[in-house]
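*Asks:*
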Amino acid sequence: GNGTTPIVTYGLRSFEVDIIPEGDILIYSFPVKLMFNYPLDADSATNLEDNITIEKITDSGTEVIAGTFSALNENRIVKFVPEQICDDCEDNNCFDKNTEYKVTVAANILKSTQTDREGEKLVLNCSGISNCLSEFTTGAICDRRDPSVVIERPRSNKTICQGAPVPLDVSIFGQDDIALSMIMYQIDLDNAVTWEDFSTAYQVSLGDSPTSYTYSEPWAESSDYDLGSHDLVAAAVDLADHTKIKTKQFNI
8 GNGTTPIVTY GLRSFEVDII PEGDILIYSF PVKLMFNYPL DADSATNLED NITIEKITDS
68 GTEVIAGTFS ALNENRIVKF VPEQICDDCE DNNCFDKNTE YKVTVAANIL KSTQTDREGE
128 KLVLNCSGIS NCLSEFTTGA ICDRRDPSVV IERPRSNKTI CQGAPVPLDV SIFGQDDIAL
188 SMIMYQIDLD NAVTWEDFST AYQVSLGDSP TSYTYSEPWA ESSDYDLGSH DLVAAAVDLA
248 DHTKIKTKQF NI
């Protein structure tokens, strides 16, 4: 379900999705994000509009919203941008103000590259953690500010041993004046400008859209990296998709 839980849970043999946003939202110009705990396979990633529907709830029923789907972060995140343009919000794409919407993912169709113990691709499970449905109500605020992000740990130039049994302690604090949607980090990512430049399994989806969140996670993959200096690159992403990126150096 949607919430502040790491989206990738290693060893879990169930294919799940978190949908952002959910509930009452202060703003009206933002994308819808669907975050999967394993990557979508190629067929699922190219047929998104057939299996994911964004609808406006009206007095007479529902109305399908036109827009663009894209699969990002090595097919772990699906992003939907509504077609409508807001001339009163810096010409950004937007939903209607103060309006109810719902996001529905077709059950038992989307597949992951991850396989089960019998070697079969995992199929999206809509009866467990995920219910494959999110409803949200837009507000009337145009969000113009970026979030902030602080890499609290590791300390600058901290040294760990290659393959050390004690992992690097990673702690990232994000904050926004309206709402956060994601915290993520990656090792040795060059020239990142937005979260779409990341291709990492280290991320957390914030389905309840808090204004601040601390992501704390041990990083235990030092044996996969060469001796020397490395960069930890962290990003905080707000609901309107503004991204703030910071970098801190450590050594192996």
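Counting with the working numbering, you get residues 8 to 259 for the letters of the sequence shown. By construction, the Cβ of each residue, glycine as well, lies at the ideal position given by its N, Cα and C atoms.
Just mark G126 as buried or exposed, buried being the case when its beta carbon has 16 or more other beta carbons within 10 Å.
*Replies:* Flag for G126 reads exposed.
*Asks:* Using a threshold of 7 angstroms, state whether the C-beta atoms of I190 and K253 are closer than that.
*Replies:* Against a cut-off of 7 angstroms, the Cβ pair of K253 and I190 comes out as no contact.
*Asks:* Quick one: what does DSSP say T11 is sitting in, helix, strand or coil?
*Replies:* Low confidence applies to T11: its pLDDT is 39, below 50, so where it sits in the model is not reliable enough to give any reading.
*Asks:* With DSSP collapsed to three states, give me the class of E56.
*Replies:* In the structure shown, E56 sits in a helix (DSSP, three-state: H, G or I).
*Asks:* Which class does A49 belong to by DSSP, given the choice of helix, strand or coil?
*Replies:* Helix.
*Asks:* Please classify L187 as buried or exposed, where buried requires at least 16 neighbouring CB atoms within 10 angstroms.
*Replies:* Buried is the call here.
*Asks:* Could you name the residues of the same chain whose beta carbon sits closer than 8 angstroms to that of N100, not counting the 5 residues immediately before and after it, in chain order?
*Replies:* S36, P38, G74, V88, P89, E90, Q91, I92, C93.
*Asks:* What do you get for A49, buried or exposed, if any count of 16 or more other CB atoms within 10 angstroms of its CB means buried?
*Replies:* Under this definition A49 is an exposed residue.
*Asks:* So, using beta-carbon positions, are D238 and Q256 closer together than 7 angstroms?
*Replies:* Closer than 7 angstroms, so yes.
*Asks:* Can you tell me whether E228 is helix, strand or coil according to DSSP?
*Replies:* Looking at E228 - three-state DSSP - the assignment turns out to be coil, as it is neither helix nor strand.
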